[in-house]
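Okay, so here's the structure we're looking at.
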Amino acid sequence: MAYCVALSDADRSCCAEFDPAQLSLHIAPALDHCLAAPTHATPTMAPARARLLACLSALTTLAAASWVAAGGHRMTDQVINGSSDGDQIVGLSLDRVMGSGFRSKTSYLFARIDIDIKLVAGNSAGTVTTMISEGQWNIHDEIDLEFLGNLTGEPYTLHTNIFANGSGGSEVQYRLWFDPTQDFHTYTILWNSEEILILVDDMAIRRFKNHWDAGVPFPVYQPMRLNGVLWDADQWATQGGRVKTDWTQAPFTAYFRNYRATGCEPSLDGAWVCGQDPSGGGDWFDGGVAGMDDVKQTQQLREAQQRYTIYDYCTDSVRFPDGFPKECGLP
Ligand SMILES: *[C@@H]1O[C@H](CO)[C@@H](O)[C@H](O)[C@H]1NC(C)=O
Numbered sequence: 001m002a003y004c005v006a007l008s009d010a011d012r013s014c015c016a017e018f019d020p021a022q023l024s025l026h027i028a029p030a031l032d033h034c035l036a037a038p039t040h041a042t043p044t045m046a047p048a049r050a051r052l053l054a055c056l057s058a059l060t061t062l063a064a065a066s067w068v069a070a071g072g073h074r075m076t077d078q079v080i081n082g083s084s085d086g087d088q089i090v091g092l093s094l095d096r097v098m099g100s101g102f103r104s105k106t107s108y109l110f111a112r113i114d115i116d117i118k119l120v121a122g123n124s125a126g127t128v129t130t131m132i133s134e135g136q137w138n139i140h141d142e143i144d145l146e147f148l149g150n151l152t153g154e155p156y157t158l159h160t161n162i163f164a165n166g167s168g169g170s171e172v173q174y175r176l177w178f179d180p181t182q183d184f185h186t187y188t189i190l191w192n193s194e195e196i197l198i199l200v201d202d203m204a205i206r207r208f209k210n211h212w213d214a215g216v217p218f219p220v221y222q223p224m225r226l227n228g229v230l231w232d233a234d235q236w237a238t239q240g241g242r243v244k245t246d247w248t249q250a251p252f253t254a255y256f257r258n259y260r261a262t263g264c265e266p267s268l269d270g271a272w273v274c275g276q277d278p279s280g281g282g283d284w285f286d287g288g289v290a291g292m293d294d295v296k297q298t299q300q301l302r303e304a305q306q307r308y309t310i311y312d313y314c315t316d317s318v319r320f321p322d323g324f325p326k327e328c329g330l331p
């Protein structure tokens with residue numbers, strides 16, 4: 001069974017089909033209505049998104065009421081049949097009044113998560129589509145892929161960041177080698193106890209190794225859930241905030257398809273259940289990361305660094321005049 005959520009009568013195209021057993025879908029009212037900002041919001045970029053995320057958890061029931069408040073025509077929520085090819089598609093919409101997001105129902109402690117995303121097309125300046133794996137506890141762990149929109153014809157930026165044990169600021173940004181608005185592409189977070197690997201269409205672009213032994217925090221004890229969010233960040237997102245969201249183009253819509261997750265689920269009695277799903281990447285958990293050999297992966301990472309990286313905190317000497325963070329010098 002799938003649900004269909006359209007954000008307005010005019011935009012039936014943003015129909016969302018999803019499996020309620022896997023993902024819960026939420027629509028958040030305008031950010032101003034969401035007052036509970038989590039403590040981990042970082043000053044530069046996260047507050048708006050953090051507020052939206054904070055709202056999402058409380059919104060399943062609230063949503064229905066807020067539509068009515070927003071004029072009654074903002075959402076229809078009806079049960080429809082699943083799509084013929086069995087794909088699960090979630091369309092997230094953003095307009096001046098609403099942002100939207102979904103969240104995986106399962107929390108994992110180490111996982112491989114794949115999702116296909118087709119980003120907001122046309123003038124997407126100011127909008128940010130986010131795939132974020134986040135812990136629910138007070139000490140912040142997060143693995144973050146944010147797609148920063150741009151003017152029509154100008155390229156998206158893929159912004160990645162990792163927070164562990166409350167510290168973050170390890171941003172690396174990429175220029176994609178394709179137009180991410182034309183088609184679905186697969187984005188992957190692979191997280192085990194040794195490393196975090198980010199892949200785009202199965203190409204490894206970023207590796208963050210576990211260097212706890214050298215005193216570099218790494219997420220190892222807090223289960224995380226995947227969130228997909230489409231939100232407005234025009235204070236900073238596009239060309240440093242100079243280009244604002246053009247609300248005449250709203251609603252903006254990004255599509256997510258084929259959420260696949262395989263991971264370990266810690267249970268209350270301390271036992272671990274680890275995903276056995278062979279389609280999820282097989283031996284992702286212990287070393288044979290992403291089912292590819294180390295040499296190929298290292299080649300891919302080098303290629304991503306040489307050809308597609310447009311910002312790397314590990315080379316930003318203006319930001320770190322007194323020396324780079326420790327992990328930058330570690331293999
Ligand atoms: C948008 O396009 C401009 C010009 O091509 C580019 O400098 C910028 O990095 C792009 N992305 C963002 C998010 O501003």
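For the sequence shown, UniProt numbering assigns the number 331 to the last residue and increments by one with no breaks. Beta carbons: idealized from backbone N, C-alpha and C, even for Gly.
The continuous stretches of alpha helix (DSSP H) do not include residue 176, and DSSP gives it neither H nor E. With the criterion CB distance below 5 angstroms from any heavy atom of ligand 1, the matching residues run 148, 150, 154, 157, 238, 239 along the chain.
At the C-beta level, residue 129 and residue 153 stay beyond 9 angstroms of one another.
For residue 232, there is no enclosing alpha helix (DSSP H); the enclosing beta strand (DSSP E) has its first and last residue at 224-232. If you check the CB distance, residue 93 and residue 100 come in under 9 angstroms. Taking each of 151, 244, 170 in turn and checking the Cα distance to residue 160, the smallest one comes out for 170. Taking a 10 Å sphere around the C-beta of residue 330, we find fewer than 16 other C-beta atoms and assign the residue as exposed. Going by C-alpha positions, residue 262 is about 16 angstroms away from residue 195.
Shown here, residue 260 sits in a strand according to DSSP, grouped into three states. In the DSSP annotation of this structure, residue 141 is not part of any beta strand (DSSP E), being labelled neither H nor E. Residue range 195-200 is occupied by the beta strand (DSSP E) that includes residue 200.
Counting of Cβ neighbours within 10 angstroms places residue 157 among the buried residues, the total reaching 16 or more. Per DSSP, residue 301 lies in no beta strand (DSSP E) segment; the continuous alpha helix (DSSP H) that holds it begins and ends at 294-303. Bounds of the beta strand (DSSP E) holding residue 118 are 111-118. The DSSP-derived three-state label of residue 244 is coil.
For residue 305 and residue 296, the gap between their C-alpha atoms comes out near 14 angstroms. Checking the DSSP bridge columns, you'll see residue 204 partnered with 199. The beta carbons of residue 203 and residue 133 sit no closer together than 9 angstroms.
Spatial neighbours of residue 230 in its own chain (CB-CB distance under 8 angstroms, excluding positions within 5 residues in sequence) are listed in chain order as 92, 93, 94, 99, 100, 101, 120, 127, 128, 129, 130, 252, 253, 254.
Per DSSP, the unbroken beta strand (DSSP E) holding residue 158 starts and ends at 157-163.
Per DSSP, reduced to three states, the secondary structure at residue 329 is helical. Annotation for residue 256: 90, 115, 117, 228 place their beta carbon closer than 6 angstroms to its own, counting only its chain and skipping 5 residues before and after.
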